[in-house]
Amino acid sequence: MARTQENSRLAIETPLGPDALTLRAFHGTERLSELFEYTAEVGWDSKEDLDPLELLGENFSVRCELDGEHTRYFNAVIDQVEDLPGEGRTRTYRLRLVPWLRLLEHTGDCRVFQEMTVEDVVKAVFDARGFADYAFKLEGQYPVMPYCTQFGESDLAFVARLLEREGIGYFFRHENGKHELVMFDSGSAHAPLEHHPEIDFEIGSADDGFDEGSVFRWTTATRVHTGTVAITSFDFEVPNKGLEARSSASRAHAAGNLDRFEWGEAYTTAAEGDRYAAIRVEEAACTHETVQGETNVAEVATGFTFTLLDPHEALPSAAGRSYLITGTAIHLSQDGFVSGDGEKAAAGFRFFAIPTTLRFRPARRTPRPRVLGPQSAVVVGKAGEEIWTDKHGRVKVQFHWDRYGKADEHSSCWVRVATPSAGRQWGSLSLPRIGQEVIVEFLDGDPDRPIITGRVYNGANTPPYELPKNQAISTTKTNSTKGGGGFNEIRLDDTKDAEQIYVHAQYNFDTRVVHDVYEWIGNDRHMIVINDQIEKIDNDRHETVTRDHVESIGRDRHLAVKGQEAKEVTEDLSLTVKGDVIEVFKGAQSTDVTKDCFIKGDNLILEGKSSITLKVGGSTIAIDASGIEIKTGGSIKIDAGSTMDLVSKAPMNIKSNATAELNSSMTTVKGSGMVVVNGGLVKIN
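Be aware that the sequence shown starts at 24, since it is given in the working numbering, and climbs by one per residue.
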């Protein structure tokens, strides 16, 4: 007779169709914030082997008839098919059943999420894989995460560590044909068992029946746990801001005040710190009181609550209290069945619980991925820009492993850039530019905390000098922006006997020295100024030239001295002016020549506005507007090689206190009018 599940209290639904497989045994475990795992042993009544590929990844449901009126379902995905040895026509297979979330253990990625909450990120991961059977039951307000990285980890591990970090638990609700992942952060997400919101405690042993409606074993454990958690963080934008946060859940016993300090939680506000500290202490405190029990209530399921009743007053400390079921262990079995046999099915349920007065927080079991060693990335930014930075000198990068980044200003968070020196308004600054390859390391190995520590050349960005030909050169060379075409550079050449320091300024070169500048040049100094040279010296200028001083001026030279000017020439002074010389002296001029003084010119004109005086010893020639006066204590001699004319337009007087002699080979005294010769004695030869 063909097997059928028609009258069975345990039945299964598989993609192979009704009654293709028959359930022999079903058992498994569930825990809050853990993946359930069920095992089903099924019979295959066929001459042909069962093809596992027809089952892997497919939906599997178990229907459990509770009391003739109510039904409980277990739903899962088949992820392993095991062929068990046996005899006879019916083959036995063992199926491993897991939630759809377990499939994300086999998927993984490297990607960056920006400006998203934890709910947004988890939703994005699930949606990208095509899973929709999930729900968020969250009361907390979760901050937007500026930067969140999935790095080399499975989708399951990534989601699990995010939920654990934020204190978000999860469990599964089962229906016929599906199971739903429920993510929660408070007790409001946990409903009482629908048909058994209250369960009696009955001392004694249980039979193997369904839904007798009692708990018959109960054990309570009370544990020591961390009483106070302190955490802190660092915000580089406000480095002196205190971010330490503390939260306590101390107990009244000898070890009830144990405290733990944790470092590594990244947050930037006191409110975030308080929230994380509270989550951490609640994570520890939810293990303070735990319960294990056994029941024949088949409805018992992880994530639901019930109230324990104690009609026999056997558990006075537990009676009347509400409990959250944190885990179950399920065992279902039945004999082989034929339609109408009414075979007996057996069931056993063990559960774990905590009082609902404790807030459940998942343990942080999933490790954060660590980036071991530095990585390479390319600097990116807004289209059309060559430099893309913020007020802190941070830049954006595109990691080589990021398949989703568009190599633009959204590819990463702002990444800080290490520099040899960084002080308050002092230090060094050299911003990586778009297209450059940089070396990125991660603080504490955390992929969410990148920092640029160096830069490297590559095939696109080659060194500024050909190598190894110029291997003795060390340089710092920039590129004009935007558009290039120019550069600034400080270059050091260590080539033996050709050592050089070279400085190139593409536009301006400004030097500021608050105190002294000393220059020592062992050989020549050359300076070429294409346009003007302007110097200003607020005090004295001293210049010493040991040998010659040669200047060549192509055009005019202007010299303005507001005070005195003194020149001393030890040997000769030669001045050659090919044009005119004009000298203007606003005061007196004095020229003192120790030896001879020669003045030579085609025409020599000396002009005095008042007078001109020529003086040698006691002899003078004085010229003024009224006339010329010649005085000497000696003699005056006028010697003309040719004619000499003395002409006066007024009377001319020749007077001598001694003899006056007019002597020539021939003398003519002539007057146009009268000639008068007058004397005490007139003698004419």
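Where is the CB? At the ideal position from N, CA and C, for every residue including glycine. None of the values given here were measured: they were computed from a predicted structure.
Cβ-Cβ distances below 7 Å link D467 to G287 in the same chain, with the five nearest sequence neighbours on each side left out; the list follows chain order. Between the C-alpha atoms of L381 and A183 there is a straight-line separation of about 22 Å. Residue state for F149 is assigned as helix, using DSSP reduced to three classes. The beta carbons of L454 and G407 sit no closer together than 8 Å. Nearest neighbour of V639 by Cα position, chosen from K623, Y170, A521, G656, turns out to be G656.
In this structure, F372 sits near A321, with a CB-CB distance shorter than 8 Å. Fewer than three Cβ pairs drawn from the region 298 to 318 and the region 68 to 75 lie within less than 8 Å of each other, which leaves the two stretches out of contact. Within the region 607 to 642, the complete beta strand (DSSP E) segments at least 3 residues long are 634 to 639, listed from N- to C-terminus. Excluding residues up to 5 positions away in sequence, L46, V85 lie with their Cβ nearer than 6 Å to the Cβ of I35 in the same chain. With a cut-off of 8 Å on Cβ pairs, the region 235 to 248 is in contact with the region 314 to 334, counting three or more such pairs. In this structure, DSSP gives V144 a helical state, which the three-state scheme calls helix. Between Y96 and E198, the CB-CB gap stays under 8 Å. Contact check for S356 against A48 passes: the beta carbons are separated by less than 8 Å.
The straight-line gap separating the alpha-carbon atoms of D178 and G153 is approximately 13 Å. Residues of the same chain with a CB within less than 8 Å of the CB of N531, apart from the 5 flanking positions on each side, do not exist. Under the DSSP assignment, G175 falls outside any alpha helix (DSSP H), being part of the beta strand (DSSP E) whose first and last residues are 171 to 177. In this structure, I462 is the residue among W411, S444, I462 with its C-alpha nearest to the C-alpha of G396.
Taken through DSSP and simplified to helix, strand or coil, I377 comes out as strand. In the three-state DSSP reduction, G131 falls in the strand class (E or B). Per DSSP, A589 lies in no alpha helix (DSSP H) and is assigned neither H nor E.
Uninterrupted alpha helix (DSSP H) stretches at least 4 residues long and entirely within the region 285 to 351 occur at 293 to 308, given in chain order. Taking 3 residues as the minimum length, the beta strand (DSSP E) runs contained wholly in the region 490 to 558 are 496 to 500, 512 to 516, 523 to 527, in order along the chain. Per DSSP, the unbroken beta strand (DSSP E) holding P473 starts and ends at 473 to 479. The C-beta separation of A253 from F284 comes to about 5 Å, placing the pair in contact by the 8 Å criterion.
Excluding the 5 residues flanking it on each side, E128 has same chain C-beta neighbours closer than 7 Å at S177, L179, in chain order. Bridge partners of S270 according to DSSP: V252.
For the set S211, I457, P169, I513, the Cα lying nearest the Cα of K505 is the one of I457. In the DSSP annotation of this structure, the continuous segment of the beta strand (DSSP E) that includes G650 starts and ends at 650 to 654. In the DSSP annotation of this structure, the continuous segment of the beta strand (DSSP E) that includes G192 starts and ends at 192 to 198.
Taking a cut-off of 8 Å for Cβ pairs, the region 302 to 316 and the region 375 to 392 touch, as three or more such pairs fall below it. T52 places its beta carbon 8 Å or farther from that of A244. Within the model, the alpha-carbon separation for G343 versus D143 is close to 40 Å. In this chain, Y488 is not harboured by any beta strand (DSSP E), its DSSP state being neither H nor E. In this structure, G192 sits near S56, with a CB-CB distance shorter than 8 Å. Burial state of G250 is buried, judged by a 10 Å Cβ sphere holding 16 or more other Cβ atoms. Classified as exposed, R393 has fewer than 16 neighbouring CB atoms from the shown chains inside 10 Å of its CB.
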